[in-house]
Amino acid sequence: MAFSQRKIHEIFVHFIRARDYTETMKKKKKKQKGLRFLYASMAVFVAMLVCVLVLLVLNAKGGKSVRTVEVPVTPEPTATPTPRPTRSPIPVDVDYTAVHDTRVKVYIKETGELKEMYMEEYLIGVVAAEVPAAYRIEAIKAQAVAARCYTVRKLRHDGCATHPEANICTDSSCCQAYATEEEREAQWPEEYPYYFSVICKAVMETAGECMLVGGRPIDAMYHASSGGWTEDSENVYKNKYNYLRSVESPYEDDKYQNVTVTFTRREFTEKINAAYPDAKLTEKGLENEVQIESTFPSGRVESMRLGGTKQPGTKIKKTLKLYSALFTFEITDDEVIFHTKGYGHGVGMSQSGANGMAKQGATYRQILSHYYTGVKFGIIGRDFNIYDD
Ligand SMILES: [Zn+2]
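Numbering (my numbering), first residue to last: 383 to 771.
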């Protein structure tokens, strides 16, 4: 698959725009500074005028003794904090022989439009939406490869389930999250050019790269944070994949490692009874009616008994809107308290764990090989073709 210079140009037009953006921002800031000074001067002037008028009025009223009038103190114009030096875009080193011209039909949820994009162009939006741009570059590269794999699977198989005219959509609950250019600008108002270049680097320096098993691209599932151990695919979804095994994820340090969710006894009882009418929980009998029956080796709840019903941990997670199926609970006089670890389904790569590994010095391939058991790496059009069996 030949990769046209035009395509490269198109992608790097973003860079040029980013540079223009920096210039505009600088000008804007200068203008704002000037305006602030003007407003401050006007405020001082008006305050002085008011003082003079007050004094005149008091004197005119014939006050024999001139009372001291407390002059209102005009607040000093607050000093603008010195902005952090804006980082310049970082260089992107592209292996042009790895760049391909695969296109993806993307349904944009926000606008309802169907947009055809080059895969790498699309992935820039995905990666920007999926991981914080402040993550380590190797973790962002790992994310780029995982997202590319996920996209290739969509192209090879059915495409988006809710928008059949598209290969993939931007609804994260259906396909994959995606940040439009406007959203990316809003995300990094101060340092758009820098962060944009970071994302471009991650996507373009892994151009065309996918994880393969038996020469075929894998279903590279990923999640925000595992809470310590990822999960075997069949414990969450129906399919068992040998490359989606539970592995330890020791370097997570995100805010989801220990989250508490509290329900009143009534809230909990009502929620569960509404979702599972066979449960028939009673507010006063929860201690005897609710219990974790079994857990997977990862610690995630496999099955929970709720009165007259038994439900899998993954379903309880959804019903109670918990971050994770890795939870414990306690019942007090008034409340039912859940403690969860991690965020997401727990299958495949943990994004937070990937960043932790990158901090420890791991490369993106080491990160991916850790979370996806037994995978090899290959380039679209060179090592495999998307639509080949
Ligand atoms: Zn979709």
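Glycine is no exception: its CB is placed at the ideal position from the N, C-alpha and C atoms.
1) Ligand 1 and isoleucine 490: does any heavy atom of the ligand fall closer than 7 angstroms to the residue's C-beta?
2) Could you have a look at tyrosine 576 and say whether DSSP puts it in helix, strand or coil?
3) Counting C-beta neighbours from all protein chains within 10 Å, is the total for threonine 552 16 or more, i.e. buried, or is it exposed?
4) Rounded to whole angstroms, what's the CA-CA distance from glutamine 673 to threonine 468? Just pull it up for me.
5) Excluding the five sequence neighbours on either side, which residues of its own chain have a C-beta within less than 7 angstroms of the C-beta of glycine 444, listed in chain order?
6) Could you tell me the distance, in whole angstroms, from the CA atom of glutamate 712 to the CA atom of lysine 662?
7) Put threonine 493 into one of helix, strand or coil per three-state DSSP.
8) Residues in its own chain within less than 7 angstroms of methionine 499 by CB, not counting five upstream and five downstream?
9) Where does the unbroken beta strand (DSSP E) through glutamine 673 begin, and where does it stop?
10) Out of Gly760, Lys583 and Ser608, which one is the CA nearest neighbour of cysteine 531?
11) Thinking C-beta only, is serine 685 closer than 8 angstroms to proline 694?
12) Along the alpha helix (DSSP H) that carries glutamate 503, what are the first and last residues, could you check?
13) Taking the C-alpha atoms as reference points, what is the distance between histidine 752 and valine 641?
14) Taking C-beta to C-beta, are glutamate 512 and alanine 524 nearer than 8 angstroms?
15) How is the alpha helix (DSSP H) around isoleucine 698 delimited, first residue to last?
16) Comparing C-alpha positions only, which one of Lys741, Arg566, Arg764 and Glu567 sits nearest to aspartate 477?
17) DSSP three-state label for glutamate 712, please.
18) Threshold first: 3 residues or longer. Then list the beta strand (DSSP E) segments lying entirely within the segment 621 to 693, N to C.
19) Since threonine 588 contacts valine 729 with CB under 8 angstroms, what's their CB separation in whole angstroms?
20) Which two residues bound the contiguous beta strand (DSSP E) that contains lysine 758?
21) What is the DSSP secondary structure of valine 488, reduced to helix, strand or coil?
22) So, helix, strand or coil for tyrosine 517, using DSSP?
23) State buried or exposed for asparagine 624, treating a residue as buried only when at least 16 other CB atoms are found within 10 Å of its CB.
24) Could you tell me if the beta carbon of isoleucine 600 falls within a distance shorter than 7 angstroms of some heavy atom in ligand 1?
25) What whole-angstrom Cβ distance do leucine 594 and lysine 699 have, given they're in contact under 8 angstroms?
26) Rounded to whole angstroms, what's the CA-CA distance from proline 546 to leucine 708? Just pull it up for me.
27) Is it right to say serine 628 is buried, meaning 16 or more other beta carbons lie within 10 angstroms of its own, or is it exposed?
28) Between glycine 735 and serine 608, how many whole angstroms is the CB-CB distance? I'm expecting something under 8 angstroms.
29) Kindly examine ligand 1 and report whether one of its heavy atoms sits closer than 7 angstroms to the Cβ of aspartate 540.
30) Ignore the nearest five residues each way along the sequence and tell me which others in threonine 562's own chain have a CB closer than 6 angstroms to its CB.
31) Alpha carbon to alpha carbon, how far is valine 509 from aspartate 635? Give it in angstroms, no decimals.
32) When we look at the beta-carbon of histidine 391 and count the other beta-carbons within 10 Å, is it buried (16 or more) or exposed?
33) Measuring alpha carbon to alpha carbon, tell me which of Asp716, Ile600 and Asp660 ends up nearest aspartate 771.
34) In the DSSP assignment, what residue or residues form a beta bridge with histidine 721?
35) Check each candidate in Glu572, Gly689 and Gly667 and name the one with the smallest Cα separation from proline 659.
36) Considering just the uninterrupted stretch of the alpha helix (DSSP H) at leucine 750, what are its terminal residues?
The relevant details are as follows:
1) Isoleucine 490 Cβ: outside cutoff for every heavy atom of ligand 1.
2) Three-state result, tyrosine 576: helix.
3) buried
4) Pairing glutamine 673 with threonine 468, the inter-Cα distance amounts to about 53 angstroms.
5) Low per-residue confidence applies at glycine 444: pLDDT is 44, beneath 50, and the placement is therefore not dependable, though the value from the model is reported in the following sentence. Cβ neighbours of glycine 444 beyond the five flanking positions: none.
6) 19 angstroms
7) coil
8) Arg485, Val486 and Val488
9) 672 to 677
10) Gly760
11) yes
12) First-last of the alpha helix (DSSP H) with glutamate 503: 501 to 512.
13) Roughly 26 angstroms between the two C-alpha positions.
14) no
15) 695 to 701
16) Closest by alpha carbon: Arg764.
17) strand
18) 641 to 646, 672 to 677 and 683 to 688
19) At roughly 22 angstroms, the Cβ-Cβ gap does not stay under 8 angstroms, so threonine 588 and valine 729 are not in contact.
20) 758 to 761
21) Valine 488: strand per DSSP, three-state reduction.
22) coil
23) exposed
24) no
25) Not a contact, Cβ separation roughly 31 angstroms.
26) 34 angstroms
27) buried
28) 6 angstroms
29) no
30) By the criterion of a C-beta distance shorter than 6 angstroms, threonine 562 is surrounded by no residue of its chain, once the five residues flanking it on both sides are discounted.
31) 20 angstroms
32) Annotation note: pLDDT 49 at histidine 391 (below 50); position unreliable, coordinate value reported separately. It is exposed - the Cβ of histidine 391 has fewer than 16 other Cβ atoms within 10 Å.
33) Ile600
34) Thr642 and Thr710
35) Gly689
36) 746 to 753
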